[in-house]
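As given, the protein sequences belong to chains A and B, one line each in that order.
Here our numbering is used: position 305 in the first sequence is 305, and no number is missing along the way.
Each number in our numbering corresponds to the 1-based position in the second sequence with 536 added.
All C-beta atoms in this analysis are idealised placements derived from N, C-alpha and C, irrespective of residue type, glycine included.
To keep things clear, I will list the structure first and then write my remarks on it.
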Amino acid sequence: MSTQPAHAATHDDDHDHKPHGWRRWVYATNHKDIGTMYLIFACTMFFIGGAMAMIIRLELFQPGLQFVDPQFFNSMTTMHALLMIFGAVMPAWTGLANWMIPMQVGAPDMALPRLNNFSFWILPFAFTLLLSSLFVPGGAPAGGWTMYPPLVLQTGASFPMLIFAIHLMGASSILGAINVVVTIMNMRAPGMTLLRMPLFVWTWLITAYLLIAVMPVLAGAVTMLLTDHFFGTTFFTAAGGGDPVMFQHIFWFFGHPEVYILILPAFGIISEIIPTFSRKPLFGYEAMVYAVASIAFLSFIVWAHHMFTVGMPLAAQLFFMLSTMLIAVPTGVKVFNWTATMWKGSLSFEPPMLFALAFLFLFSIGGFSGLMLAMVPADYQYQDTYFVVAHFHYVLVPGSIFGIMAGVYYWLPKWTGNMYDLKLATWHFWLSTIFVNVLFFPQHFLGLAGMPRRIPDYAVQFTDWNMVSSIGGFGFGLSQFLFPYIIWKCVRGGQRIGNKAWEGAHGLEWELPSPPPYHSWTTAPTDAVIARGAAH
Amino acid sequence: MMIRAKLASLALIGTAIGSHAAWADSGWSELNMTRGVTDISRKIYDLHMEIFWVCVGIAVIVFGAMIWSIINFRKSRGAIPDVTLVHNTKVEVIWTTLPVIILIAMAVPAARTLVEIEDTTKTELTIKVTGFQWGWQYDYLDDGVAYYSHLDRKSDAARELLSGIDPNSVEHYLLNVDHPLVVPVATKVRLLVTGADVIHSWWVPAFGVKKDAIPGFVNEAWFRVDADKPGLYRGQCAELCGRDHGFMPIVVDVRSKADFAAWLKDTAAEQRQAAAPAAPATAAAGSTASLAAAATAH
């Protein structure tokens, strides 16, 4: 209540300090402007990375090579992964963090606005560098996004471009993560205690620590590749006394926490959407926080399950099998809590809830195949097959990507002040959900039947399911054009909404007008407002 | 079997999309892991099915609760939310401990099988397997027999970009080689797996063996094919190894012990003879005519 006059008072200031034209974006220090740029950037990379996936599915539509050379095919799988992970999913999370964290903790902006500008503007350079490698002699990197030596050392002129692009992405992520940690630790409104924070803030806080912990490890690993290639070191070259397997250990020490970096913020978003559309507080709030923290901790001690076939000692394989299986426990707790939140609720099915429900079912399927992959003897058969491809796409597409889309559909009315076309968004949901299953479910069959991953051509008995998968891929790809169109339409206009876009929504962001003022909370919200938002 | 029936019904949805091919020789029936022809591969298959059914069981319960909620607790049906239902210690303890018990129950047989897989003692025949860009080299260490194994010529011609050759017209397209690995049945065969240039991975699903071939490392793996299962078994490289990663298949020709002994004797004699005039000093190291020929070929 008391916040309303405060907003009115700050409103004039907003316009005074808002730069116009290109300066607003290039010199941006405002968390919403930077958040918007992150989201547009992520969406662009999603479509470029998606186009590469379409080339992959086109070539795999039938046996024989019809469209691309195998080397270019390998470039497509490599670049698709790098673009989707570092260009689409991670910047989308940072964009959502920028938009939402200050609003959700009762702050006017991110703690370090200029750092925020810097961390965003690194990205276009990083990806211009990476994408321009498609046009240099030898073509784009084709050794897989995991960059295993010695293969990656055979990369042509694009090799240093790959390494420096990774360095830039890493620097951007670390700076963004520092900003998130500092904002959450120092900018919370008085009364916004840690255990009152919304789960999106909690999951991002933990994600930010994971980023700060592991991005330097990746930077170290790729720097060693660089010196092996150009300066005569032999970190990973057996002939010089080095160890190619050591790279895999270092890479996956980064890589496994990275997997959780991609999914934890989705857990946070789902934990906000399900209570909203169940009209019931989140079940087991504290258990959810502890579960995320346990998953983050465990993510540091499971890395070698990505490399069971390299020939590790028996004891090491047993340890990594058991630690990996343990992850099922906190993950199970989360899924059970979400289900219990819906139990005896009052559910409605607006687009954010639809995406959250698809997340619940399909992410769980990815979790189940993950459990299967943890069993070392069975993993010997699954490793490096399409079963693995199906597994991680189930957790990344209907997991992370649907989480992002759920978040955008949840908060878009808040950002714009307009309700979007709910009918069209529902179409987007159904098309995406049906096609994502047509696309990825048959890949389980292909993997079990013996089709290795990362191959441009296959034996004829794999034809039928590959065709189905490709049809699903084309359908999924085309359906995604609805997403930017719905957003564009909503930005242009729509039914005006009040502070709350959704009947059951709780949280500080819903206490602000829609669209919110340029500097979100210029006066800290009162304890009563915070308590009203923290519904658990 | 139940799983077959269940998956087959799923596959029917796919058949409806367009193929009228006979069920038996169609790709639609390629749905599950092979049981294989070794004791280990069957144990792996059983583990795979056990964990699969455990997952199905959990899915039925959890998805059931979700679907129940979606159907019965809808606002449109006038459901009133019970906002006090936010915590229940008893239920939370159950759903934390029960998964732990299930996981331990799954880990025990997995660990037991793994211990068996890692037991590379008492092997009867040792073959060194070297992956290279792009093919395999097989070295019968005790018998002085060595040769290269490449994708067969028919597949190799058909796999060229826009070759105009229908892959369906090529027998065992991409899964055939010029010189398969030859081994005897009912023999514990040890493989010493290594890589010559980059990392490869030697995988034959029917044996339940997948081992990375890493430069500078010698990994051990073993298999023993059932006495009544001689035949040809096929696999592929399973680690991205460059441009032609998709084109370095593996074929293992499993023969009766007598046939194998005869083959080994003949091949050893052949290779000795061929090598004798050219490079007698290095014959033991495996530099044979067929090796040299293969080397020039690639």
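Simplified DSSP assignment, three categories, for residue i
i      : result
A/T155 : coil
A/T523 : coil
A/A177 : helix
A/R454 : coil
A/Y518 : coil
B/R695 : coil
A/V529 : helix
B/P720 : strand
A/I539 : The requested residue 539 of chain A does not occur in the structure, where chain A is confined to residues 1 to 536.
A/N418 : strand
B/S555 : Here B/S555 scores only 42 on pLDDT, less than 50, and its place in the model should not be relied on; the value that follows carries that caveat. Three-state result, B/S555: coil.
A/Q71  : helix
B/G771 : strand
B/I663 : strand
B/R836 : Any property of residue 836 of chain B remains undetermined from this structure, which presents chain B solely from 537 to 834.
B/W739 : strand
A/K18  : coil
B/G731 : strand
A/F349 : coil
Counted within 10 angstroms of its Cβ, other Cβ atoms place residue i as buried (16 or more) or exposed
i      : result
B/W631 : buried
A/V136 : exposed
A/K423 : exposed
A/M185 : exposed
B/I587 : buried
A/G49  : buried
A/Y485 : exposed
A/G170 : buried
A/A51  : exposed
B/G614 : exposed
A/T458 : The question names Thr, but residue 458 of chain A is Tyr in the sequence shown. By the 10 Å Cβ count, A/Y458 comes out buried.
B/W589 : exposed
A/S520 : buried
A/W502 : buried
A/G332 : buried
A/R24  : exposed
A/L82  : buried
Residue range of the unbroken alpha helix (DSSP H) whose run includes residue i
i      : result
A/S278 : P244 to S278
A/L298 : Y285 to L298
A/R57  : H31 to E59
B/C591 : D575 to N608
B/K626 : T625 to I653
A/K334 : A328 to M342
A/T237 : Unbroken run through A/T237: none, as it is neither H nor E.
Pair within 9 Å by beta-carbon distance, residue i and residue j
i      : j      : result
A/H96  : A/I270 : Residue 96 of chain A is actually Leu in this sequence, not His. Their beta carbons are not under 9 Å apart, which means A/L96 does not touch A/I270 by this criterion.
A/T78  : A/G143 : yes
B/H686 : B/D714 : yes
A/A304 : A/W252 : yes
A/M467 : A/Q71  : no
B/L621 : A/F402 : no
A/T94  : A/Q248 : no
A/F46  : A/A111 : no
A/L552 : A/W427 : Here chain A comprises residues numbered 1 to 536, so residue 552 of chain A is not present and cannot be evaluated.
A/S514 : A/N499 : yes
B/Q807 : B/G700 : no
A/A390 : A/G473 : no
A/L469 : A/L439 : Looking at the sequence provided, one finds Ser at residue 469 of chain A rather than Leu. Their beta carbons are under 9 Å apart, which means A/S469 touches A/L439 by this criterion.
Limits of the unbroken beta strand (DSSP E) element including residue i
i      : result
B/F759 : N755 to F759
A/F476 : Run containing A/F476: none in the beta strand (DSSP E); it sits in the alpha helix (DSSP H), T463 to S479.
B/W672 : G671 to Y676
A/Y209 : Counting along the chain, A/Y209 falls outside any beta strand (DSSP E), though it belongs to the alpha helix (DSSP H) covering L199 to F230.
B/V681 : V681 to S685
B/I786 : P785 to R791
B/K747 : V745 to A749
Beta-carbon separation (whole angstroms), residue i vs residue j, contact threshold 8 Å
i      : j      : result
B/Q673 : B/G778 : About 17 Å; that fails the 8 Å criterion.
A/E350 : A/F254 : Not confirmed; about 38 Å, so no contact.
B/T723 : B/A749 : So it is not a contact: roughly 22 Å between Cβ atoms.
A/E258 : A/V214 : 6 Å
A/Y386 : A/M451 : 5 Å
A/R532 : A/G417 : Not a contact, Cβ separation roughly 21 Å.
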